[in-house]
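Some notes on the structure that comes next.
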Ligand code: TXA
Ligand code: MG
């Protein structure tokens, strides 16, 4: 594999130049950083799988800049999908739709469904508008590890493997997009993420169906049980029970808005002191990385309220603990 001296900078034209040449680059989105390449160029796509060490059976999300662009790559958009596009795109929502022949099978790992979204990051949108092709982009982390929420996170793990990282600052949402599909007009949620399920149900005025587990849905490996994982052992506990669990001075804690008594403050990270789930989601992955790199031996995460973005946070913690 080619090695690069990876540059972090914020020049969209340079990013475009690398993408036009069929290279892969790190790009910001509002959810997490992506590892992007020309979604219509099989050689470019192969470089994503190689840089990420990602198995070829795990398909990639296609990124476009407008709803009109989505139509170029899919057969039909269900009515409810149109409502959801209007409500949430650009934004942290990915739609699984029947692809047409323009999208290479390598992008979808042979499936006839393509995952497609419009990122709500001004630099990503500006870049997409200047390109003649959509971008395939998984999160820019080695397969199975925590997703990156800053350009530096991308650099720390992929340095040498890619030529360029477009720096758009820390991501504003912090967890990946919510992935949904359609069964007729019924909405199925395959991955919890940046758009809360409650908000989707408000728009469609109906309940969604949940299919979050790999066993029932081997087609979406992002729902693999173990994923988004730090190197250290991570356990999830209720706030009330956590004190009796801790026998070890070197335990790190990730909590929502209050510290656990009896554990050194320096080993604890509060994701939102003011108790805001959006702020907590935004800080989640950086906190996991920080404790993973610190001298704690293990991590305890306190369970979050099971509503709004708290559900996506609990989902990521659960997979990180598996
Ligand atoms: O917020 C996000 O979605 C970020 C940013 C970079 O856009 N991307 C992201 O990509 O999280 P990735 O590859 O880390 O996770 C995408 C998930 C994978 O688990 C994959 O299995 C699933 O989406 N997926 C992609 N295409 C699919 C398809 N055609 N059918 C079923 N699942 C698909
Ligand atoms: Mg990922």
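In the working numbering, the protein residues as written are 72 to 393.
In this text, a Cβ means the ideal position worked out from N, Cα and C, and glycines have one as well.
Span of the beta strand (DSSP E) around residue 325:
Segment 322-326, the beta strand (DSSP E) holding residue 325.
Report the start-end ranges of each alpha helix (DSSP H) in the stretch 105-154 that is 4 residues or longer and not cut off at the edges.
Secondary structure within the stretch 105-154: the alpha helix (DSSP H) runs of 4 or more consecutive residues, fully enclosed, are 113-123 and 138-144 (chain order).
Where residue 348 sits in the DSSP three-state scheme
The three-state reading of DSSP puts residue 348 in helix, counting H, G and I together.
Measure the Cβ-Cβ separation of residue 192 and residue 99 and say whether it is below 8 Å.
Contact flag set, yes.
Measuring CB atoms only, is the stretch 166-186 touching the stretch 120-129, in the sense that at least three cross pairs come out at less than 8 Å?
In this structure the stretch 166-186 touches the stretch 120-129; the number of beta carbon pairs closer than 8 Å is three or more.
Terminal residues of the continuous beta strand (DSSP E) containing residue 253?
Residues 249-254.
Between residue 45 and ligand 1, is the CB less than 7 Å from at least one heavy atom?
Here the chain comprises residues numbered 72 to 393, so residue 45 is not present and cannot be evaluated.
Delimiting residues of the alpha helix (DSSP H) encompassing residue 83:
Counting along the chain, the alpha helix (DSSP H) containing residue 83 begins and ends at 83-91.
Leaving out five residues before and five after residue 385 in sequence, what residues of the same chain have Cβ atoms less than 7 Å from its Cβ?
Here the set comprises 374, 375 and 377.
Measuring from the CB of residue 103, is there a heavy atom of ligand 1 at a distance below 7 Å?
At least one heavy atom of ligand 1 is found less than 7 Å from the C-beta of residue 103.
Count the other C-beta atoms from every protein chain shown that fall within 10 angstroms of the C-beta of residue 346, then say buried if there are 16 or more, exposed otherwise.
Around the beta carbon of residue 346, fewer than 16 other beta carbons sit within 10 angstroms, so the residue counts as exposed.
Could you check what DSSP says for residue 261 in three-state terms: helix, strand or coil?
Residue 261: strand per DSSP, three-state reduction.
Reduced DSSP category for residue 288 - H, G, I as helix; E, B as strand; rest coil:
Confidence is the limiting factor: at residue 288 the pLDDT is only 46, short of 50, which leaves the residue's position unreliable and the question unanswerable from this model.
Verify whether the separation of the beta carbon atoms of residue 187 and residue 259 is less than 8 Å.
No, they are not a contact pair.
Does the pairing of the stretch 331-346 with the stretch 224-233 give three or more beta-carbon distances under 8 Å?
In short, these stretches do not touch, since the Cβ pair count stays below three.
Buried versus exposed call for residue 356 [16 or more other C-beta atoms within 10 Å across all chains shown]:
So residue 356 ends up on the buried side.
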